[in-house]
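Residue numbers (our numbering): 9 to 131.
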Amino acid sequence: MLAPAVVAMAMLAARATASARAADAFAMHAILLSAEPAKGSTVAGPVITVALTFNERIDAKRSTLALVLPDRSVRPLSLTPQGKPEMLGAHADSVPSGPCHVRWQVLASDGHITRGDVPFTVR
Ligand SMILES: [Cu+2]
9 MLAPAVVAMA
19 MLAARATASA
29 RAADAFAMHA
39 ILLSAEPAKG
49 STVAGPVITV
59 ALTFNERIDA
69 KRSTLALVLP
79 DRSVRPLSLT
89 PQGKPEMLGA
99 HADSVPSGPC
109 HVRWQVLASD
119 GHITRGDVPF
129 TVR
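In structure tokens, the structure reads:
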């Protein structure tokens, strides 16, 4: 029979290996590094400039941005030309005041899709 301490050490080692593997896999997908409007910020409307920066190249042709408006309706946004391969941007006109989200879905250079929401408020 193994001493409890040895079993505990083995379990810890196995867990560390598993989380390191998960971290490696995760690092291969596009991760949002920064957003404009910033998460939780309040910005002036009614024209909103959206700019998202990711950790790796984005295939803009297979990526989408949308604005979720205060009434929960979803407005797809036309992407502006990419300033950098890691960036995705758009302009939105006539955005009403209230809580909004930028909803993004991107295809990264490794072929994996990631998505997310950035909440902000339009005053
Ligand atoms: Cu990936």
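All C-beta atoms, glycine included, are put in the ideal place defined by N, C-alpha and C. Note that the structure is predicted; figures quoted are calculated from it, not measured.
**Request:** Identify, in the order they occur along the chain, each residue of the same chain with its Cβ nearer than 7 Å to the Cβ of F5, setting aside the five sequence neighbours on each side.
**Result:** The displayed coordinates of the chain run from 9 to 131. Any statement about residue 5 would go beyond what the structure contains.
**Prompt:** According to the neighbour-count rule (16 or more other Cβ atoms, all chains shown, within 10 Å of its Cβ), is G97 buried or exposed?
**Reply:** With 16 or more Cβ atoms within 10 Å of its Cβ, G97 is classed as buried.
**7 Å CB neighbourhood of S86 in its chain, flanking five on each side removed** = If the five residues before and after S86 are omitted, its C-beta is found closer than 7 Å to the C-beta atoms of A98, all from its own chain and listed in chain order.
**Length of the line joining the Cα atoms of V103 and D67** = Between the alpha carbons of V103 and D67 lies a distance of about 27 Å.
**Prompt:** Comparing the CB of H37 with every heavy atom of ligand 1, is any distance shorter than 7 Å?
**Reply:** Yes, the beta carbon of H37 sits closer than 7 Å to at least one heavy atom of ligand 1.
**Message:** I'd like to check one pair, R111 with V82: are the Cβ atoms closer than 8 Å?
**Reply:** Against a cut-off of 8 Å, the Cβ pair of R111 and V82 comes out as a contact.
**Asked** Is the beta carbon of E56 less than 8 Å from the beta carbon of A100?
**Response** For clarity, residue 56 is Ile in the given sequence; the question names Glu instead. Going by C-beta atoms, I56 is nearer than 8 Å to A100.
**Message:** Using C-beta distances below 7 Å, list every residue in its chain close to R70, excluding the 5 sequence neighbours before and after it, in chain order.
**Reply:** Contacts found: L115.
**Asked** Where does the unbroken beta strand (DSSP E) through G119 begin, and where does it stop?
**Response** Annotation: G119 is outside any beta strand (DSSP E) and is labelled neither H nor E by DSSP.
**Request:** Leaving out five residues on either side along the sequence, give the residues of the same chain with a beta carbon under 6 Å from the beta carbon of P54.
**Result:** Excluding sequence neighbours, P54 sits near S102 and V103.
**Item:** C-alpha gap between A59 and V126, whole angstroms
**Value:** Across the structure, A59 and V126 are spaced so that their CA atoms are roughly 11 Å apart.
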